[in-house]
Each structure stands twice: as structure tokens, then as C-alpha cells.
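S.K.: Numbering (UniProt numbering), first residue to last: 1 to 355. Virtual Cβ for every residue (Gly too), placed ideally from N, Cα, C. Here the structure is a predicted model, which is why all the values come from computation and not from measurement. My questions will all concern the structure given below.
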Amino acid sequence: MDTIRIGIVGLGGNARLRHVEGFRNCEDVEIFGVCNRRRESTAAAAEEFDIPRTYRHWEELVADPSIDAVLIGTWPYLHCPITLAALESGKHVLTEARMAMNANEAHRMLEASRKHPELVCQIVPSPFGLRAHRVVGQLLRSGFLGELREVVVLGTSDALADHDVPLEWRQVGGLSGLNMLTMGIVYETLARWVPDVVRVTAQGHAFVPDRLDPNTGVRSRVGTPDSLQIFTVHEGGARGLYHFSGVTRFGPGTQIHLYGSKGTLKYEMLPHDRLMGAQRGEDALREIPVPQEHEMQWRVEEEFIDAIRGEGRVELTDFESGVRYMEFTEAVARSISSGKPISLPLELGEVSEGA
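So, in C-alpha cells, the structure goes:
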């Protein structure tokens, strides 16, 4: 195709921050249509970004034969239905993360994508660890760690520590599904480097159980924990310890630690972006340089367009990877709900309603 026309459903935060500019930096790509939740918001986005066509409902955008590909920038509650409709209409799909509300939806999306192998399907990847991704991979392949023994994952902030912080969509189960805190986005990064999880044991708690809903003006019960602890067993026997929190003051931020029989890798992602490591015989962790030519840059939109044109492939993140992190997410929710360990891969049946 000479010009690839993009339709955006949900031109919100990340689309404004990254995707509009990213697509406009691609040759022969036009952002042709937009549909937001409210007509006023749709009109404002079209005017701000000079988008020629608007739609009252996302179904109209997906059905428009003028559009070649759909960017889904909505909250997770619409990712599955829009993806299924877009693929059925012959559209390529780039969807925001998290992939879906739960594992069942993620599997439906994957199954639909496999019925349309001629169409490109991509999930906006976790940016955590992107800069040093190739270097970490090289170190792991070279045997830097030896046998992987322990995994420690930290994702803490104090964003939800105060009772007067209002309710946001990520804490509403009907909008976000089973996704909790930064668990999914950080686990997605971890899963690029370590064997799959085969067993999950988790606990979660909401220290602030209700918050003011700015849409209604009344306090409403939150739908997800603000504190989360997880234990995992990985293929090959490694053990994992995870701590996610929105109520931790002066916490460690976002980090991934990999401990092996020969060495250690420690990746500090927030508030810094720094890779540390050491092997047996060294005195302390040292910073591991990331050569500029090995730095991985944000090129999501370019990668999506290249894949559509047959000039490349989707590396980060494909639907198969999304299914794996959504199964992990659901296993955590099921373990919190039942108080029992959950084995992976899941036996999909009745979907958990929340944690």
C-alpha cells in the first residue's frame, strides 16, 4: 500500500505522548480518523492533531474501509472487543497495554489473530528495561549468571499513599480488569529474560479501601490492591519474590534482580535507568555500560508500520507474549482470591472477578 491510514480509538495520554508523533515520523503514514469516548473530546482531538475524519462510535471507525490499521488507546475494557472487530474488518491492530481484562480475553485475541495471519497484531511494549534489553540478553546468553536461582522484582511508589488521592481508572475493575499496580508492565519486562513462571502464590491488600470517585463525587470501593506480594516458581527451579505497592514511602522504586550461581544482575529502572552486575570473585556490584550502538530505542510505531509493509517483524510485544503475562496476572488474582497456589499455564474456565 502506498499510504497507510491509521484510525485511533482513544486518543489519550500515551497516544499524545508517543504514538501520534511516532506515526507522523513514519514515511507515507496518515492518521486518518479518531474516536474518543465523548463527541466533544473526539472533535477536540481531531482539531488539535489535524485529523480529517471523526466517528461517534468506535464500531464506525473499525468498519471504515478507508482505514488500514487501528491504534487502540482505550482502557483495557475495550481492547478485546475492538481487536476482534478490527481483525474481522481486515485491519492491522496496535493495542495499548495491558493486553486485556483477563486471560480469557487475551486468548480470544490471540486466537483471532491466528485466523488472520496476513494482519499485524502488536501490543505497545513495556518501556522498562528497554535501553539495556540487548545487553541483558547478551549477558544471560553468555552465562554471566550461571544457573538462575532467585528473582527479585520491586515496583513501589507512594502515589496511592494518601487517603485523599482520588479513584482512578486503574483501580476500577470494570475498566482495568485484573491488572494491578505496575505488576503487569514490570513482569512483561522480566519475562523477556527469565524462564516462564509455573506456580504463583500471592496476597494483596487495599490499605485505602475506598476513594473519592471524581465522576460521581462520592467515595467508592477500590477494585484492586494497593499492596501486593507474590512468590513464584519458574521453569528450571528458580524462585521469585515480588513486591508491588502504591503506598510505600521512600521505597526502592522499580528494580529487577537476577541472582545466579556465578553472578548477579541488578537493573534499577526507576528512578534511575542503571544496570549493575558482578560475578564470583569481584568485591561489589559495578555498573555495566550500555554501548550506544546496543541501546534499544522506542520505535513501536515504526516497527508496526515496517511489519505491515513486510519490511520487518514485531519484536516487542506480540500477542503470544501478551497472553503469557495475562495468564500470570490472572494467576495472581486467583491466588489472592483463593488463598492457594496457582499453577501455570492456566486451565481457563471461569474468570476471576477480582482480587
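Smallest Cα separation from Leu-190: which of Thr-317, Asp-213, Ala-159?
M.R.: Thr-317
S.K.: Counting along the chain, where does the alpha helix (DSSP H) carrying Leu-110 start and finish?
M.R.: Start and end: 103-115.
S.K.: Taking the alpha-carbon positions, what's the Leu-270 to Val-151 distance?
M.R.: The straight-line gap from Cα to Cα measures roughly 18 Å.
S.K.: Please tell me whether Met-180 and Leu-228 are closer than 7 Å, where the distance is taken between their beta carbons.
M.R.: yes
S.K.: With DSSP as the reference, please indicate the residues paired to Asp-210 in a beta bridge.
M.R.: Listed as beta-bridge partners of Asp-210 by DSSP are Arg-221.
S.K.: Hey, could you find the ends of the beta strand (DSSP E) Phe-250 is sitting in?
M.R.: Where Phe-250 is concerned, there is no enclosing beta strand (DSSP E), given that its DSSP letter is neither H nor E.
S.K.: By Cβ distance below 7 Å, which residues in the same chain neighbour Glu-105 in space, the five residues on each side in sequence not counted?
M.R.: Cys-80
S.K.: Using DSSP's beta-bridge definition, name the partner residues of Cys-121.
M.R.: Val-93
S.K.: Which whole runs of the beta strand (DSSP E) in the stretch 239-316 are 3 residues long or more, in chain order?
M.R.: 239-245, 254-260, 263-270, 274-279
S.K.: So Cys-35 is in the beta strand (DSSP E); what residue range does that whole segment cover?
M.R.: 29-35
S.K.: For Glu-150, which of helix, strand or coil comes out of DSSP?
M.R.: strand
S.K.: By the three-class DSSP mapping on this structure, what secondary structure does Leu-346 have?
M.R.: coil
S.K.: Along the chain, where does the beta strand (DSSP E) containing His-234 start, and where does it finish?
M.R.: 227-234
S.K.: Express the C-alpha separation of Ala-45 and Val-34 in angstroms, rounding to a whole number.
M.R.: Roughly 8 Å separates the two Cα atoms.
S.K.: State the start and end residues of the unbroken beta strand (DSSP E) segment that holds Arg-98.
M.R.: Neither: Arg-98 is in no beta strand (DSSP E) and is coded neither H nor E.
S.K.: Please name the residue, chosen from Arg-131, Ser-338, Met-101, Trp-58, that lies closest to Ala-85 on a Cα-to-Cα basis.
M.R.: Trp-58
S.K.: Is DSSP giving Gly-12 helix, strand or coil here?
M.R.: coil
S.K.: Drop a sphere of 10 angstroms on the beta-carbon of Phe-328, count the other beta-carbons inside from all chains shown, and report buried for 16 or more, exposed for fewer.
M.R.: buried
S.K.: Three Cβ pairs or more, each shorter than 8 Å: is that satisfied between the stretch 281-293 and the stretch 168-187?
M.R.: no
S.K.: In the structure shown, what three-state DSSP assignment does Ile-51 receive?
M.R.: When secondary structure is reduced to three states using DSSP, Ile-51 falls in the coil class, being assigned neither helix nor strand.
S.K.: Is Thr-232 buried or exposed, if buried means 16 or more other CB atoms sit within 10 Å of its CB?
M.R.: buried
S.K.: Is the beta carbon of Ser-89 closer than 7 Å to that of Thr-201?
M.R.: no
S.K.: State the start and end residues of the unbroken alpha helix (DSSP H) segment that holds Gln-138.
M.R.: 133-141
S.K.: Would Glu-330 and Ala-159 qualify as a contact pair, given that the criterion is a beta-carbon distance under 7 Å?
M.R.: Between Glu-330 and Ala-159, the C-beta spacing is not below 7 Å.
S.K.: Check each candidate in Ile-6, Ser-126, Ala-43, Leu-167 and name the one with the smallest Cα separation from Gln-297.
M.R.: Ser-126
S.K.: Assign Thr-3 to one of two classes, buried (16 or more other C-beta atoms within 10 Å of its C-beta) or exposed (fewer than that).
M.R.: exposed
S.K.: Return the CA-CA distance between Cys-177 and Arg-299, expressed in angstroms with no decimal places.
M.R.: Here residue 177 turns out to be Gly, not Cys, going by the sequence shown. Cα to Cα, Gly-177 sits roughly 28 Å from Arg-299.
S.K.: In angstroms, rounded to a whole number, what distance separates the CA positions of Met-326 and Met-99?
M.R.: 7 Å
S.K.: Using the C-alpha atoms, what's the distance from Ile-123 back to Leu-348?
M.R.: Spanning the alpha carbons of Leu-348 and Ile-123 requires a straight line of approximately 22 Å.
S.K.: Is DSSP giving Arg-199 helix, strand or coil here?
M.R.: strand
S.K.: Name the residue from Gly-237, Val-208, Val-136 whose alpha carbon lies nearest to the alpha carbon of Asp-226.
M.R.: Val-208
S.K.: I'd like to confirm the pairing. Which residues does DSSP put opposite Asn-205 in its beta bridges?
M.R.: Looking at the sequence itself, residue 205 is His, so the reference to Asn does not match. For His-205, which the question treats as bridged, DSSP gives the partners Ser-227.
S.K.: For Arg-141, count the other beta carbons within 10 Å of its own beta carbon; 16 or more makes it buried, fewer makes it exposed. Which is it?
M.R.: exposed
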